[in-house]
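> Starting off with a structure, shown below.
Number of protein chains: 2
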Amino acid sequence: MMKKGSVTIKDIALELGISVSTVSRALADNPLVKPATRQAVKELAKKYNYRPNFTALSLRNNRTRTIGIIIPQLVHEFFSMVIRGIEDFAYSNGYNVIISSTHESYEREVIDTKALINGRVDGLLACVSKSTTNYDHFKEFAERNLPLVFFDCICDEIDSPKVVLDDFEAGYQATQHLVETGCTQIAYVGGPINLQINQDRFGGYKKALNEAGLALNESWIKHCETGDYDDGSESVRDMVAARSIDGLFAGTDMLAIGAIKTMKKAGLQIPKDVAVVGFSNWSIGTIYEPSLTTMSQPGYEMGQKAAELLIQQIDNPDKKLTDTFTLHSELIQRESTQR
Amino acid sequence: MMKKGSVTIKDIALELGISVSTVSRALADNPLVKPATRQAVKELAKKYNYRPNFTALSLRNNRTRTIGIIIPQLVHEFFSMVIRGIEDFAYSNGYNVIISSTHESYEREVIDTKALINGRVDGLLACVSKSTTNYDHFKEFAERNLPLVFFDCICDEIDSPKVVLDDFEAGYQATQHLVETGCTQIAYVGGPINLQINQDRFGGYKKALNEAGLALNESWIKHCETGDYDDGSESVRDMVAARSIDGLFAGTDMLAIGAIKTMKKAGLQIPKDVAVVGFSNWSIGTIYEPSLTTMSQPGYEMGQKAAELLIQQIDNPDKKLTDTFTLHSELIQRESTQR
DNA sequence: TTGTAAGCGTTATCAA
DNA sequence: TTGATAACGCTTACAA
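Just so you know, the protein sequences line up as chains W and G, in that order. So the first sequence is numbered by the UniProt record's numbering: it starts at 1 and just counts up by one. So the second sequence is numbered by the UniProt record's numbering: it starts at 1 and just counts up by one.
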C-alpha cells in the first residue's frame, strides 16, 4: 500500500462539490475557471498538501521526465563529477535522474539496463562497464527508439551520440611531458586494454615515444585488469627490480600511486629516479607525497554535454543525432615530475 | 514521446484477434487460458520483445516497488557501502532503488525529498545532510504514512525506525586506544558538532579522558565545519605550534590525514611524537604513509538493515516499527599508533 | 475458455 | 464557467 494519507483531485472535488476537471484546471491556473473556484481549490490543495501523483502523470503524458544513468562506479571522483554535471543540467530542465551503479559487472549492467526499458525513463545515459563485450541490451534500448547517449566508455556498434575525452591526445601529452622532463626509458601501466579509452591512452603513449625517437620496450608495458592501487604496485615490480625505467605514465592515479609505493619501497626516489604522470586528477594526488602530476578529466562538462544531447533527443525524437563530442584533457603538473 | 517502438498487450491482442484480458492472463500464466492461446501470446510477446509498462503497472497496483535513498554524498566510501547494502537487499526482494545525492545541501535535500512524496517510491531511506536543522520535509513524508527509515545521520524528532552506529562507543574506544598507547595529551578534531554522530564521538572521547584521569584542554578541541582534508590540516595548526599534544583522535580519516600532513610539515613524527586515530576506515588510510589507525564503519550492514526495516514496513504498513538498531565499530590498528 | 468493463490519478476534448 | 467522458497500459471481477 503506497500512500494512505495521499489526497487526489477527486478528494478535493468531492469536498468542494465540483468536478475533477475543474479542480485540475484550477490547479493548472487555467484562466477559464472562476477566480473564486480557483482560490477555493488551491486553498484546499494547500491544506491537504496535495501533490499530483507522479505515476498517473507519467502514464497520461507518456513521459516520465526522468532520465536513467548507467554507470560502472559511484566511489570514483570522475564519475561523481559526471553525475553532478548530468544532475545539474537535468534538474534545470525539469528532469529527474535515476542512477544505476553496475559495479563494473556485465550481468548487473544488463539487468539494470533492461529494468529501464519498460517506460521508467525517457532516455538513458550510459558508460559501459569494464567487463562488457556484448552490447545487445543497449541495442534493444536503441531499437525501441529510446534516446540513448554514451559517455566516456562508449559502444561503437550503436549509432547514438557519444561524449568522450580525447584519451589519445591526453596519453600523448602525458608521455610528452615525461620526455620533456628528460625521461628516456618511459614505462606504461594502464587499465584493461579491451576498453577503448585505454587503447587510446596507450596509443598516445606510443606516438609520443615514437616522435621522441625512443624505443618501445615490451617489458615496460603492462595492461592491468582493474586499474586500482594493488594493480599499480604489482605492475612495476619487475621494472623496479631491473632498475630499468626513469619515467612512468600510468593510466589512472591509483595505478600511479600503487606504482610509486612499490618504487619508494625499493629505494627509488620520485621524481628524481623515476618521474610519474597519472590520469584523472583525483584528490588523493594532491594529498599524496609526492603530489602527483596528472591529466585532468572534465567530468562535469562531460555530464552536462551528455545530458544536453539526451534531452535534445527526448524533446526532438525525429532529429536523430549521432555525433561524437570530444572533450580535452589538460596536464596538471605537481611534484612527481618536478626535477 | 516515450517509446515509439514499444509493444503493448493491446497490440498483441489485436494481432491475435483476441482480447487484452486474455493476453494479460496468458502472460501471467493463468491456468484458465487455453494452452494454444497462451503459447501464441507468449511467442508474439517474445517476438516483439514485449515488456509490461512500468508506469501502468505502478498506477494499477498503487505501488512502484521502488525505494528512494536520500544521501548526502556519493564519493564517500562509507555511503557507497551503505548503498551497496541497500541495493543488494532491495534487489533480492524485488525492489528497485532511486538514489538522490544532496551534496550536503539542505535545499537540495528538501527538493529531493519532496520530489519523492508523490508516489514515485514506496518508501524512503534517508541520511540527513550536515546542513539540515529543519525536518519538515521528512515530517511531511511521515505524515502521509509513507514508510521512512533513517540511517547514520538521523532525525530524532520523527518517530520512525533508525539504524545507527554506536558513535559514542567508537569515540570512546578510539581515545582509549590512544591512552593505552601512552598518550596523555590527547586532542580531538571532529566534524560539525550539530550532528549527533559527532556529538557522540566527542562524548566518547571525553568519557575516555575522564576515565583515564586526563584533563580536558579546550585548546585541543576543534569542531570543524566539513570534516575534510583542509579542515584537518587547519585544525591542528595552533596545537602543533605549541608542541602541546602527543595524541589525536580525528572524527574522520580525512581530518586525520590533513592533520598529519600539518604535523609532518612541522617536523613532528607520526606516531612517535603524536599518535593518530581516524574514523571510517577509508582505503586511503592503507595507502597513506604512515598507514592510519582508524575505526571501522559497517556501512554494508547498515544499508542492509535499513533496507530490511523499510521493506518490512512497506509490506506490513499496519505494524509500525520505531526501534533504533545500533551497529558497532571496531578498532583497526595501523602504523599511526604503533609505538 | 474468453470477453467486457471498471478502475488506478491525471488531463484534454467536447458539450452544455 | 463547468461537467462528463475518454484515454494512457494494465489487471481483475463479472459475464458469457
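Ideal Cβ placement from N, Cα and C applies to all residues, glycine included. Remember, predicted model here, so these are calculated numbers, not experimental data.
Which partner residues of SER101 (chain W) appear in the DSSP bridge assignment?
For the purposes of this step, residue 101 (chain W) is taken as the residue at position 101 of the first sequence. In DSSP, SER101 (chain W) forms a bridge with W:ILE71.
> Taking the Cβ atom as the reference point for each residue, do GLN185 (chain W) and GLY258 (chain W) lie within a distance shorter than 8 Å?
Counting from 1 along the first sequence, the entry for residue 185 (chain W) is found at position 185. Counting from 1 along the first sequence, the entry for residue 258 (chain W) is found at position 258. Going by C-beta atoms, GLN185 (chain W) is not nearer than 8 Å to GLY258 (chain W).
> Throw me the rounded Cβ distance for the VAL41 (chain W) and LEU32 (chain W) pair, which I believe falls under 8 Å.
Counted from its first residue, the first sequence places residue 41 (chain W) at position 41. Counted from its first residue, the first sequence places residue 32 (chain W) at position 32. Not a contact, Cβ separation roughly 13 Å.
> Counting only runs of 4+ residues fully inside the region 120-199 of chain G, write out the alpha helix (DSSP H) ranges in chain order.
List check, alpha helix (DSSP H) in window: 136-143, 167-181.
> According to DSSP, is THR252 (chain W) part of a helix, a strand, or is it coil?
Looking up residue 252 (chain W) in the first sequence gives position 252. In the structure shown, THR252 (chain W) sits in coil (DSSP, three-state: anything other than H, G, I, E or B).
> Considering PHE325 (chain G), what are the terminal residues of the beta strand (DSSP E) in which it resides?
Looking up residue 325 (chain G) in the second sequence gives position 325. Looking at the DSSP string, the run of the beta strand (DSSP E) that includes PHE325 (chain G) is 324-327.
> Mind checking PRO72 (chain W): buried by the 16 CB within 10 Å criterion, or exposed?
Taking the first residue of the first sequence as position 1, residue 72 (chain W) is located at position 72. Buried: at least 16 other Cβ atoms inside 10 Å.
> The alpha helix (DSSP H) spanning ALA56 (chain W) covers which residue range?
Here residue 56 (chain W) is taken as the residue at index 56 of the first sequence, counted from 1. Run containing ALA56 (chain W): 54-61, per the alpha helix (DSSP H) assignment.
> Would you identify the three-state DSSP class for GLY203 (chain W), choosing helix, strand or coil?
Reading the first sequence from its first residue, position 203 is the one you call residue 203 (chain W). Three-state DSSP puts GLY203 (chain W) in a helix.
> From LYS272 (chain G) to ARG339 (chain G), what does the alpha carbon distance come to, in whole angstroms?
Position 272 of the second sequence, counted from the first residue, corresponds to residue 272 (chain G). Position 339 of the second sequence, counted from the first residue, corresponds to residue 339 (chain G). So the alpha carbons of these two residues sit roughly 6 Å apart.
> Quick check on the DSSP output: the alpha helix (DSSP H) that includes ILE9 (chain G) runs from which residue to which?
Locating residue 9 (chain G) in the second sequence gives position 9, counting from the first residue. 9-16 is the extent of the alpha helix (DSSP H) around ILE9 (chain G).
> Is any beta-carbon of chain G found at less than 8 Å from that of VAL23 (chain W)?
In the first sequence, the residue the question calls residue 23 (chain W) occupies position 23. Chain G contact via Cβ: absent.
> State whether the region 100-116 of chain G contacts the region 260-280 of chain G, with contact taken as three or more CB pairs (one from each stretch) at a distance under 8 Å.
No contact exists between the region 100-116 of chain G and the region 260-280 of chain G.
> Can you list, in chain order, the residues of its chain whose CB lies under 8 Å from that of LEU120 (chain G), leaving out five sequence neighbours each side?
What you label residue 120 (chain G) is simply residue 120 of the second sequence in a count that begins at 1. The question names Leu, but residue 120 (chain G) is Arg in the sequence shown. If we look at ARG120 (chain G) and ignore the five residues flanking it on each side, its Cβ neighbours are THR64, THR66, GLY68, ILE98.
> Use the C-beta contact count for ALA241 (chain G): other C-beta atoms within 10 angstroms, 16 or more gives buried, fewer gives exposed.
Translated into the one-based positions of the second sequence, residue 241 (chain G) becomes position 241. By the neighbour-count rule (16 or more Cβ atoms within 10 Å), ALA241 (chain G) is not buried but exposed.
> So, is the C-beta of SER80 (chain W) closer than 8 Å to a C-beta in chain G?
Position 80 of the first sequence, counted from the start, is the residue given in the question as residue 80 (chain W). Taking Cβ atoms only, chain G reaches closer than 8 Å to SER80 (chain W), which makes this a yes.
> Can you tell me where the beta strand (DSSP E) with ALA275 (chain G) in it begins and where it stops?
By one-based count along the second sequence, residue 275 (chain G) stands at place 275. Start and end: 275-277.
> Is GLY285 (chain G) helix, strand or coil by DSSP?
Here residue 285 (chain G) refers to the residue found at position 285 of the second sequence. Three-state DSSP puts GLY285 (chain G) in a helix.
> Would you mind sorting ASN53 (chain W) into buried or exposed? The rule is 16 or more other CB atoms within 10 Å of its CB.
Looking up residue 53 (chain W) in the first sequence gives position 53. Buried.
> Are residue 347 (chain G) and LEU178 (chain G) close, meaning C-beta to C-beta below 8 Å?
Nothing about residue 347 (chain G) can be reported from this structure: the residues present for chain G run from 1 to 339 only.
> What's the gap between the Cα of GLY267 (chain W) and the Cα of LEU309 (chain G)?
Position 267 of the first sequence, counting from 1, holds the residue named residue 267 (chain W). Position 309 of the second sequence, counting from 1, holds the residue named residue 309 (chain G). Approximately 53 Å between the Cα atoms of the pair.
> Output the distance between the C-alpha atoms of GLY17 (chain G) and HIS76 (chain W), rounded to the nearest integer angstrom.
In the second sequence, counting from the first residue as 1, residue 17 (chain G) sits at position 17. In the first sequence, counting from the first residue as 1, residue 76 (chain W) sits at position 76. Looking at the two C-alpha atoms, the distance is approximately 53 Å.
> Alpha carbon to alpha carbon, how far is GLY190 (chain W) from ALA170 (chain W)? Give it in angstroms, no decimals.
As a first step, residue 170 (chain W) is located in the first sequence; it is residue number 170 there, counting from the start. As a first step, residue 190 (chain W) is located in the first sequence; it is residue number 190 there, counting from the start. The straight-line gap from Cα to Cα measures roughly 13 Å.
> Using the beta-carbon of each residue, which ones in chain W are nearer than 8 Å to VAL75 (chain G)?
Position 75 of the second sequence, counted from the first residue, corresponds to residue 75 (chain G). Ordered by position in chain W, the residues that pass the 8 Å Cβ test against VAL75 (chain G) are LEU74, VAL75, HIS76, GLU77, SER80.
> Run through the DSSP bridge pairs and tell me what ILE221 (chain G) is partnered with.
Here residue 221 (chain G) refers to the residue found at position 221 of the second sequence. G:TYR188, per the DSSP bridge assignment.
> How is MET1 (chain G) classed by DSSP in three states: helix, strand or coil?
Against the second sequence, residue 1 (chain G) aligns to sequence position 1. Low confidence applies to MET1 (chain G): its pLDDT is 31, below 50, so where it sits in the model is not reliable enough to give any reading.
> Which word fits MET2 (chain W), buried or exposed, when buried means at least 16 other C-beta atoms lie within 10 angstroms of its C-beta?
For this step, residue 2 (chain W) is matched to residue 2 along the first sequence. Here MET2 (chain W) scores only 37 on pLDDT, less than 50, and its place in the model is too uncertain to base an answer on.
> Is TYR172 (chain G) near the ligand FMN, in the sense that its beta carbon is under 7 Å from a heavy atom of that ligand?
By its list of ligands, the structure shown contains no ligand whatsoever, and the ligand FMN lies outside what it can speak to.
> Less than 8 Å separating the beta-carbons of TYR135 (chain W) and THR175 (chain W)?
For the purposes of this step, residue 135 (chain W) is identified with residue 135 of the first sequence, where counting begins at 1. For the purposes of this step, residue 175 (chain W) is identified with residue 175 of the first sequence, where counting begins at 1. Contact flag unset, no.
> Skipping 5 residues on each side, what residues in its chain have a beta carbon closer than 7 Å to that of ASP323 (chain G)?
Reading the second sequence from its first residue, position 323 is the one you call residue 323 (chain G). The answer, listed in chain order, is PRO161.
> Run the CB neighbour count on LYS319 (chain G), radius 10 Å, all protein chains shown included, and call it buried at 16 or more, exposed below.
Position 319 of the second sequence, counted from the start, is the residue given in the question as residue 319 (chain G). So LYS319 (chain G) ends up on the exposed side.
> Our contact map puts SER80 (chain G) next to THR102 (chain G) with C-beta atoms below 8 Å; I'd like the distance itself, whole angstroms only.
Residue mapping note: residue 80 (chain G) aligns to position 80 of the second sequence, counting from 1. Residue mapping note: residue 102 (chain G) aligns to position 102 of the second sequence, counting from 1. Actually they are not in contact, since the Cβ atoms of SER80 (chain G) and THR102 (chain G) sit about 15 Å apart, beyond 8 Å.
> With DSSP collapsed to three states, give me the class of THR64 (chain G).
Position 64 of the second sequence, counted from the start, is the residue given in the question as residue 64 (chain G). The answer is coil: DSSP assigns THR64 (chain G) none of H, G, I, E or B.
> Helix or strand or just coil, what does DSSP make of THR226 (chain G)?
Here residue 226 (chain G) refers to the residue found at position 226 when the second sequence is read from its first residue. DSSP places THR226 (chain G) in coil when its eight states are reduced to three.
> Mind checking HIS328 (chain W): buried by the 16 CB within 10 Å criterion, or exposed?
To locate residue 328 (chain W), count along the first sequence from 1; it is residue 328. Looking at its Cβ environment, which holds fewer than 16 other Cβ atoms inside 10 Å, HIS328 (chain W) is exposed.
> Which word fits ALA36 (chain W), buried or exposed, when buried means at least 16 other C-beta atoms lie within 10 angstroms of its C-beta?
Taking the first residue of the first sequence as position 1, residue 36 (chain W) is located at position 36. ALA36 (chain W) comes out exposed.
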